[in-house]
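Colleague:
Residue numbers (UniProt numbering): 1 to 114.
Here it is, written out as structure tokens:
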């Protein structure tokens, strides 16, 4: 028997798959293929980093990903004005600068609305 639980984990903004199974050897391939294809469809979970620096002008926000369960790498997920999510290495200096600039922008907006 196979039990696959596939749900959105709000704590880490990542799809999580739990697999509980006792299978015959020939059935295990089906489970592995299911996990592979469904894992690739997760939105908001980085498996690798985008190559190169992302221009600051296209970024409208970001999400922090911690390395838990399926989302195995730490990442900053930058959200662009075109609705794309781009994964960046949080240890890179340009990523830290972009995150700080976004924080400065938020403070400026809050002060101007007061």
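All C-beta atoms in this analysis are idealised placements derived from N, C-alpha and C, irrespective of residue type, glycine included.
Quick check: what's the CA-CA separation for residue 74 versus residue 58?
Modeller: As a working mapping, residue 74 is identified with position 74 in the chain shown. As a working mapping, residue 58 is identified with position 58 in the chain shown. Cα to Cα, the separation comes out at about 22 Å.
Colleague: Just mark residue 56 as buried or exposed, buried being the case when its beta carbon has 16 or more other beta carbons within 10 Å.
Modeller: Residue mapping note: residue 56 aligns to position 56 of the chain shown, counting from 1. By the 10 Å Cβ count, residue 56 comes out exposed.
Colleague: For residue 62, report the span of its beta strand (DSSP E) as first-last.
Modeller: Within the chain shown, the letter at position 62 stands for residue 62. 59–65 is the span of the beta strand (DSSP E), which, as asked, contains residue 62.
Colleague: Assign residue 77 to buried or exposed, taking buried as 16 or more other Cβ atoms, counted over all protein chains shown, within 10 Å of its Cβ.
Modeller: Counting from one through the chain shown, the residue named residue 77 turns up at place 77. So residue 77 counts as buried.
Colleague: Can you give the Cα-Cα distance for residue 103 and residue 97, rounded to whole angstroms?
Modeller: In the chain shown, residue 103 corresponds to position 103, counting from 1. In the chain shown, residue 97 corresponds to position 97, counting from 1. Looking at the two C-alpha atoms, the distance is approximately 10 Å.
Colleague: Could you check the C-alpha separation between residue 46 and residue 101 for me, to the nearest Å?
Modeller: Your numbering for residue 46 matches position 46 in the chain shown. Your numbering for residue 101 matches position 101 in the chain shown. Cα-Cα distance, rounded: 22 Å.
Colleague: Give the DSSP-derived three-state secondary structure of residue 104 in the structure shown.
Modeller: Counting from 1 along the chain shown, the entry for residue 104 is found at position 104. Three-state DSSP puts residue 104 in a helix.
Colleague: Which residues share a DSSP beta bridge with residue 45?
Modeller: Counting from 1 along the chain shown, the entry for residue 45 is found at position 45. Paired residue(s): none; residue 45 is not in a bridge.
Colleague: Count the other CB atoms within 10 Å of the CB of residue 95; is the residue buried (16 or more) or exposed (fewer)?
Modeller: On the chain shown, position 95 is the one that residue 95 refers to. Residue 95 should be labelled buried.
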